[in-house]
Amino acid sequence: MRDDLLTVVVAARNEAEALPRLHPRLRAVLDGIQGLQGRVLYVDDGSTDETWEVMLTIAQDDPAVSLLRLSRNFGKESALTAGLDLVAEGAALVLDADGQDPPELIPQFVALWRQGYDDVHGTRTVREGENWIKRATAAGFYRVIGRLAKTPVPADTGDFRLLAPRSLAALAQLRERHRFMKGLFGWVGYRSIAVPYLRHARMAGKSKFGWWKLWNFALEGITSFSTAPLRLATYVGVFTALVAFGFALFVVIKAALFGDPVQGWPTMMTVVLLLGGMQLMALGMIGEYLGRLYEESKQRPLYLVDEWRPATLDQRVPGA
Ligand code: UDP
Ligand code: MG
Numbered sequence: 001m002r003d004d005l006l007t008v009v010v011a012a013r014n015e016a017e018a019l020p021r022l023h024p025r026l027r028a029v030l031d032g033i034q035g036l037q038g039r040v041l042y043v044d045d046g047s048t049d050e051t052w053e054v055m056l057t058i059a060q061d062d063p064a065v066s067l068l069r070l071s072r073n074f075g076k077e078s079a080l081t082a083g084l085d086l087v088a089e090g091a092a093l094v095l096d097a098d099g100q101d102p103p104e105l106i107p108q109f110v111a112l113w114r115q116g117y118d119d120v121h122g123t124r125t126v127r128e129g130e131n132w133i134k135r136a137t138a139a140g141f142y143r144v145i146g147r148l149a150k151t152p153v154p155a156d157t158g159d160f161r162l163l164a165p166r167s168l169a170a171l172a173q174l175r176e177r178h179r180f181m182k183g184l185f186g187w188v189g190y191r192s193i194a195v196p197y198l199r200h201a202r203m204a205g206k207s208k209f210g211w212w213k214l215w216n217f218a219l220e221g222i223t224s225f226s227t228a229p230l231r232l233a234t235y236v237g238v239f240t241a242l243v244a245f246g247f248a249l250f251v252v253i254k255a256a257l258f259g260d261p262v263q264g265w266p267t268m269m270t271v272v273l274l275l276g277g278m279q280l281m282a283l284g285m286i287g288e289y290l291g292r293l294y295e296e297s298k299q300r301p302l303y304l305v306d307e308w309r310p311a312t313l314d315q316r317v318p319g320a
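In terms of the UniProt record's numbering, the sequence shown has 206 at position 206, counting the first letter as 1, and numbering is strictly consecutive.
As structure tokens, then:
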């Protein structure tokens with residue numbers, strides 16, 4: 001096992017401003033770690049600005065930098081997967097391009113990896129530049145998913161993470177299209193440890209994750225790692241059926257005893273609307289899962305590569 005090689009994988013979409021500021025920091029940190037060969041792999045996830053050109057410039061000056069360009073924007077999860085798939089040896093570390101995950105923490109991650117941990121991940125203690133609504137919804141989400149998922153989804157943990165070779169190999173086997181990364185890492189298991197850190201505000205540019213995206217992200221997490229909503233539909237159904245049965249009994253007995261003058265239109269409307277609403281909700285839930293099943297069944301690749309520029313360092317003939 002090689003514990004002297006680390007590849008930092010950075011997925012970037014429209015980060016032309018942030019990358020030139022990130023790279024020197026990253027380089028300095030990597031060079032400062034004793035006995036470690038630090039490589040960097042930048043993945044351009046269909047950027048529409050000068051990100052690719054910026055990457056080319058960075059790679060020109062640093063022979064340990066590899067570049068990967070996807071055919072279009074596939075989303076952060078797929079871009080990271082593309083990058084991680086290309087890490088053939090050594091460990092990998094995932095880092096955001098915007099400087100929100102401080103590269104200065106990498107030596108600590110590496111030290112823990114060398115102590116035998118397979119999955120070292122950063123846990124945010126403070127979220128700078130995020131308002132209380134975002135913090136509250138995030139906390140709520142982690143609580144819900146923590147209850148629902150069978151494998152651990154650690155709270156306040158992003159993708160900032162070091163993966164030892166065997167964790168990396170395990171992750172590479174999970175090829176689902178709907179990639180809820182935090183959950184996937186938890187599913188893999190092995191020895192994991194959290195490193196608390198202070199998450200700063202972005203260096204430049206703005207977050208690509210607005211409210212709507214975050215909501216979908218939460219749905220993604222829940223439907224990818226739990227079938228509890230389906231079970232909930234079952235329970236709600238059983239409960240409603242029981243209540244309906246009791247009510248039916250009441251109506252029949254009442255009609256038998258007191259006759260049946262035309263009455264009860266409000267009751268009927270209430271029941272019809274309530275049942276209709278609940279049925280639609282349950283159908284919607286089933287639909288969410290069915291839709292995901294459909295996406296998986298197509299078996300499309302997770303990403304397509306436009307251009308791959310391995311680090312010039314890698315092209316050296318071994319021993320030459
Ligand atoms: N990112 C990406 N593809 C996307 C969206 C984002 O590769 O479609 C990258 C982005 O460039 C950044 C990281 O994912 O390096 C995190 O994105 P962002 O900072 O917007 O998310 P936040 O920190 O707000 O969660
Ligand atoms: Mg960010």
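Using N, Cα and C, we set each Cβ at its ideal position, and we do this for glycine too.
If you measure between the beta carbons of residue i and residue j, is that distance less than 7 Å?
i	j	result
residue 75	residue 41	no
residue 120	residue 33	no
residue 8	residue 105	no
residue 13	residue 49	no
residue 191	residue 118	yes
residue 199	residue 292	no
residue 3	residue 166	no
residue 181	residue 159	yes
residue 138	residue 311	no
residue 47	residue 302	no
Using the three-state DSSP reduction, which class does residue i fall into: helix, strand or coil?
i	result
residue 316	At residue 316, the pLDDT of 46 sits below 50, so the modelled position is not reliable; the number obtained from the coordinates is stated separately. Correct three-state label for residue 316: coil.
residue 60	helix
residue 40	strand
residue 196	strand
residue 49	coil
residue 307	strand
residue 218	helix
residue 16	coil
residue 94	strand
Could you give the first and the last residue of the continuous alpha helix (DSSP H) run that contains residue i?
i	result
residue 282	265 to 297
residue 135	132 to 148
residue 109	106 to 114
residue 175	Here residue 175 belongs to no alpha helix (DSSP H), and DSSP marks it neither H nor E.
residue 201	Element bounds for residue 201: n/a, residue is neither H nor E.
residue 80	76 to 85
Could you pull the start and end residues of the beta strand (DSSP E) that residue i belongs to?
i	result
residue 236	Unbroken run through residue 236 is the alpha helix (DSSP H), 228 to 258; no beta strand (DSSP E).
residue 69	65 to 70
residue 158	157 to 163
residue 322	Nothing in the structure corresponds to residue 322, since the chain is present only between 1 and 320.
Taking C-alpha atoms, which residue in the options lies nearest to residue i?
i	options	result
residue 164	212, 296, 112 and 183	112
residue 87	109, 38 and 53	38
residue 141	66, 280 and 220	220
residue 69	311, 276, 313 and 304	304
residue 215	291, 134, 293 and 309	134
residue 5	71, 91, 79 and 57	91
residue 226	288, 255 and 243	288
residue 21	36, 80 and 103	103
residue 89	286, 169 and 250	169
residue 286	301, 240, 298 and 234	234
residue 57	23, 31 and 275	23
residue 275	299, 261, 262 and 237	237
Would you say the beta carbon of residue i comes nearer than 6 Å to a heavy atom of the ligand ZN?
i	result
residue 235	The ligand ZN is absent from the structure shown, which contains only the ligand UDP and the ligand MG.
Check: Should the segment 98 to 106 be called in touch with the segment 138 to 152, which here means at least 3 C-beta pairs below 8 Å?
Finding: No, because fewer than three Cβ pairs between the segment 98 to 106 and the segment 138 to 152 fall closer than 8 Å, the two stretches do not touch.
Checklist line | the segment 170 to 181 touching the segment 16 to 29, judged by at least three CB pairs closer than 8 Å | finding: The answer is no - the segment 16 to 29 does not touch the segment 170 to 181, with fewer than three Cβ pairs under 8 Å.
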